[in-house]
Amino acid sequence: MPPTLAVPVIKNRNQNRLFKVLSDVMSRPSGAIGLSLVVFHLVLAVISPFIVPFDYREISAMLMLKGPSLEYWFGNDHLGRDIFSRTLLGGREAILVTGIATPIAVLWGSFLGIFFGLVGGRVDEFSMRIVDAFLSLPWILKMLVLIVTFGTGIGVLIPTLAFFYGIPVIRIARAATHDVVARDFISAAKARGHGRIAIIRHELLPNVLDTLMVEGAMRWSWMLLAFSSLSFLGFGASPPTPDWGLMIADARGFMSFAPWGVLAPVVFLSSLIIGINLTADALAKALGIDRIQKAPV
Amino acid sequence: MNLDNRPLIEICDLSIGFSNEEKQVLPILRNIDLTVRAGETVGLVGESGSGKSTLALAMMGYLGNPLKVLNGSTSFRQQSTFDLSVRELEQIRGGQLALIPQNAGQALTPTQRIGRQISEALKLHSKFTETQRPERVIELLTQVRLPDPATLVDRYPHELSGGQQQRVAVAMALAGEPDALLLDEPTTGLDVTTQAHVLELLRDLAQETGTAMVYVSHDLGAIARVCERVVVMYAGEIVLDGSVRQVLLKPVHPYARSLLASIPKLREASLPAALDGRPPAPGDVGNGCAFAARCAMVEDRCTHERPSLQVTKSGERVRCHLFEKVEQLAAPGPGTAVERSSLKQAPEVLALDNIAISYTSRGLLDQILGRQPNNTPTVDDISLVIRKGETIGLVGESGSGKSTILKAIAGLIPARHGNITYNGNELLKASIDQRDKNQLRRIQLIFQNPDDSLNPRQTVAEILAQPLRLYFGLSNQELHDRSVEILERVRLGGHYLERLPSQLSGGEKQRVAVARAFIAEPELVLCDEVTSALDVSVQAAVLGLLNRLQREFGTTYIFVSHDLAVVRALADRVALLYQGRLCEIGPVADVYSLPSHPYTEVLLGAVLEPHPDSVPVLSADDIVELSPMPIGCPFQRRCPRRLGEICDTQTPPWQQVSSEHLIRCHIQHSDLQKIQTQQVS
């Protein structure tokens, strides 16, 4: 028997790993800031209907384009509505739509990506050219085509976003699969005679999950931006729903003399997106899939 | 040669380390004192993690990212290297002090022609004018013995073989006419014949030019050939420093003794002695001697008092309290002999009948027209019979198709034609999907690199559970018990169950891989270069383990390796492969003695032994062939004993030298014996 070595023995590896990754994310300044921002926005989205001081639909001719005051903290918009209340509520639809669409996008994208990565050959070659074709189209164009055809509303927006944002995930999942498939532990499993499903579940998935998690976080931030852009163009949330993109669009014309109308939703939207990006970055570093390697020893 | 006896590189009490996440300072190098004089050739030897590369790079004033100098200094020609400005360092690096990296293929710029790369080195580090440079480039390429330098200058790095790339790297290093060359494992990863050629070149260059060399390697055989002096490193310390002859024949440090004992020898059919345990991690060395935990001679004093570097009577420096005692010991004896029972009557386990394997798949047009591809298969005409309980070694250079044959047996690559018969009557289907579970269970595969063959996300328990669930349908307690049992068999123990591969050392990982294969209760285990990614001391332990398991379970091995000495230690019979074709097959003792197939002769001649008087015999060029010859003898292009046209046009016949020993050559085996014995004498 070799001497027993002082290596920590881990119990409950999965819980332990999740905890370790989370604490690693929180130990990085970018991760701590990012995750706090994300959590702040998520909590706000849930509780905002109960804490807003005014009804977001309440129109008042007296208050049109008034600047910030003690009563109306962020000022009023061109219809005299309270911008503070509208801003607090403005992320709800965006977070709801993208929060549902992102997991769907990552799920179907990685499913196909892993499939193509495993099968390879002509199927892979052919399908990836289709993926390339989709990727080469400007995103706003292809999305507008679907929305114009089927109309707006959550029922159309979620599948549309989930579809188009799943396509780049195929590429990422396929590349991650290729990295793993070439390794000997996959050959070892094949040589033992495991079925394809077992190999995917036990050997492949645990090794590509990290990449997919980070990819999912990044997709979410891009999807949020896309949703807000659609709202800005008038194809996302429909009035009078308070939505950041829509609010920016409405206040745009008065920007030169009533900048608060644009400022509040812009700050909220960008803080959420920056928060997600920072978290994704810290997550990638904590999971060790960051390009910059740690100490070489 | 050493007229100029000034110190060139001087290292004084140098310690280098890094800070970990807990802000502790962990030393990688500890109190290094070393002087390299002009024209001297010094070998730095040690196992992975011993700090030898860090030391070599420190000589150039280079530290990797988190590393910092904790103590001491290093100087080049009385200039303190770490105090120099970037500009001054640029003058020294490449000019007076040149580095030859391990992987020349990655060190050369892929988009630049060879000529331009060398000419750039000349521009930076020599006085040659623009018009003189092309001529000098040709001169340099000739100096490193590259064939046809005039056309070579227009080639790109990827058009050259590994050995040629390494020569180009040497030529580039010589461009600045340096005072010293630093070589960081320059031949690791090259084939034996190529390695021998490159080493001879380096040896000659050192003599011709009087350049000092610092040769970093884990391979004592290579160092024995190139260097005059050896510095043995362990856990970031110099433990022994002396002449090659002294260190290799009468090492006065226990670590050097064990290290030498763990190297398999070509002339001995015995398992080398293993060195238990593993070197301490940076920061884990206590107050005592770093080697105390693994030392066979350890005394009380060793565990709490750090030995200093002392000078022996014969002029070596050694870091050991007990070196006087070690000096009295006899030279390390041979390893444990492997019992070879006669296996002639044993039943056959596997028979390969005229197997051919091709990697090129049929193109679309061929598929539509139903045409067979008419290219020459990568592996062809392989017929082998493997008997129960024996170990057969498959030996060849890289690209000889040895791993491909294993994959075909395992069903990972279907053979183009030919039959694989199991137990004399069971025909094995070509692909895994068509084989039944029991057939799959009986044949298990162990891979070269355990870092790659163990899933980094699975614990040892999960790794071992895969075959148990698949083949025996076990679960819970039974599964646990069997896993613990097999771990004890491979000398690891049940407390390893919850560990991840990243928490194991290289040797422990390979033990887990061995355990995973043996837990399936296989009859035939295919070993694919299982020890070549391991340090020598660990290699010896794994070889010992494989041998013990074979005796316990009566397993049959097919052992693929490029290392003739390792095969000698373990195998009963050897088959030599060149370009996917068999050249020679027979019992180990017969194949390693005369007569040999000319290819065997070339391979055996190129093996470097850790002995100061071992001289390689280089009888063939080290060119690398990319594809096998469609007709004639596969070895026709490199054969030193070529007869003439018959070799190019006719496939040589199998000649029976003795009942079991076969050689495939046009030359009569009695003639071969005559020529080869003449040459030896």
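Residue numbers (the numbering used here), protein chains in the order written: chain A, 3 to 299; chain B, 501 to 1181.
The beta carbon of each residue, even a glycine, is placed where N, CA and C say it ideally should be.
Residue i vs residue j beta-carbon contact at 7 Å
i          : j          : result
Arg537(B)  : Leu514(B)  : no
Ala671(B)  : Leu640(B)  : yes
Ala1040(B) : Pro772(B)  : yes
Gln487(B)  : Asp1028(B) : No statement about residue 487(B) is possible, as the shown extent of chain B runs from 501 to 1181 and does not include it.
Leu1070(B) : Arg1016(B) : no
Gly889(B)  : Met733(B)  : no
Val698(B)  : Gln666(B)  : yes
Ile932(B)  : Gly918(B)  : no
Thr281(A)  : Gly36(A)   : yes
Val108(A)  : Gly236(A)  : no
Leu1076(B) : Val895(B)  : yes
Tyr1(A)    : Arg94(A)   : Residue 1(A) falls outside the range modelled here, since chain A spans only 3 to 299, and no answer is possible.
Gly539(B)  : Leu526(B)  : no
Leu1094(B) : Gln1179(B) : no
Leu927(B)  : Thr959(B)  : no
Glu816(B)  : Arg530(B)  : no
Ser717(B)  : Arg729(B)  : no
Ala735(B)  : Ala790(B)  : yes
C-beta neighbour in chain A for residue i, strict 7 Å
i          : result
Pro527(B)  : no
Ile723(B)  : no
Asn603(B)  : no
Gly1167(B) : A quick correction: the sequence has Ile, not Gly, at residue 1167(B). False, the Cβ-Cβ gap to chain A never drops below 7 Å.
Ser983(B)  : no
Leu473(B)  : Nothing about residue 473(B) can be read from this structure; chain B reaches only from 501 to 1181.
Gly517(B)  : no
Asn955(B)  : yes
Ala558(B)  : no
Ala1089(B) : no
Asn502(B)  : Since pLDDT at Asn502(B) reaches only 45, below the 50 mark, its modelled position is unreliable, and no value is offered.
Pro967(B)  : yes
Ala910(B)  : yes
Ile986(B)  : no
Beta-carbon contacts of residue i that lie in its chain and below 7 Å, excluding the five residues immediately before and after
i         : result
Thr6(A)   : In this prediction, Thr6(A) has a pLDDT of 38, which is less than 50 and means its spatial position is unreliable; what the coordinates show is noted afterwards. If we look at Thr6(A) and ignore the five residues flanking it on each side, it has no Cβ neighbours.
His625(B) : Gly594, Gly595, Ala675, Gly676
Arg806(B) : Asn787, Gly788, Cys789
Near the ligand SAH: residue i beta-carbon under 6 Å from a heavy atom
i         : result
Asp134(A) : Absence of the ligand SAH is noted for the structure shown, with no ligands found whatsoever.
Span separating the alpha-carbon of residue i from that of residue j
i          : j         : result
Glu522(B)  : Ser29(A)  : 13 Å
Cys795(B)  : Ala781(B) : 16 Å
Lys68(A)   : Gly263(A) : 10 Å
Asp741(B)  : Ser553(B) : 17 Å
Pro51(A)   : Gly195(A) : 56 Å
Gly1105(B) : Leu137(A) : 58 Å
Met797(B)  : Tyr755(B) : 10 Å
Any C-beta of chain C under 7 Å from that of residue i
i         : result
Arg194(A) : The chain inventory of the structure shown lacks chain C, comprising the protein chains A and B.
Residue-level contact to chain B via CB, residue i, 7 Å cutoff
i         : result
Ala284(A) : no
Asn209(A) : yes
Ala184(A) : no
Glu127(A) : no
Ala175(A) : no
Phe21(A)  : no
Ala135(A) : no
Phe187(A) : yes
Met190(A) : As written in the sequence, residue 190(A) is Ala, which differs from the Met given in the question. Chain B, which has a Cβ nearer than 7 Å to the Cβ of Ala190(A), makes this yes.
Glu205(A) : yes
Cutoff 8 Å; reference residue i; Cβ partners in own chain excluding five residues on either side
i          : result
Leu760(B)  : Leu720, Leu748, Pro751, Pro832, Pro1110
Leu646(B)  : Leu652, Gln664, Arg667, Val668, Ala671
Asp1090(B) : Val1157, Ser1158, Glu1160, His1161
Val268(A)  : Trp246, Ile250
Residues near residue i in its chain [Cβ-Cβ closer than 6 Å; skip 5 each side]
i          : result
Ala604(B)  : Gln665, Gln666, Ala669
Val1042(B) : Gln1010, Thr1031
Ala680(B)  : Leu508, Leu597, Ala712
Arg778(B)  : Ser1005
What are the complete alpha helix (DSSP H) segments, minimum 4 residues, inside the stretch 931 to 988 of chain B? When DSSP assignments are scanned along the stretch 931 to 988 of chain B, the uninterrupted stretches of alpha helix (DSSP H) that are 4 or more residues long and fall wholly within it turn out to be 937 to 942, 950 to 953, 960 to 967.
May I have a chain-ordered list of the alpha helix (DSSP H) segments no shorter than 4 residues that lie completely inside the stretch 537 to 584 of chain B? Segments of the alpha helix (DSSP H) lying fully in the stretch 537 to 584 of chain B: 552 to 559.
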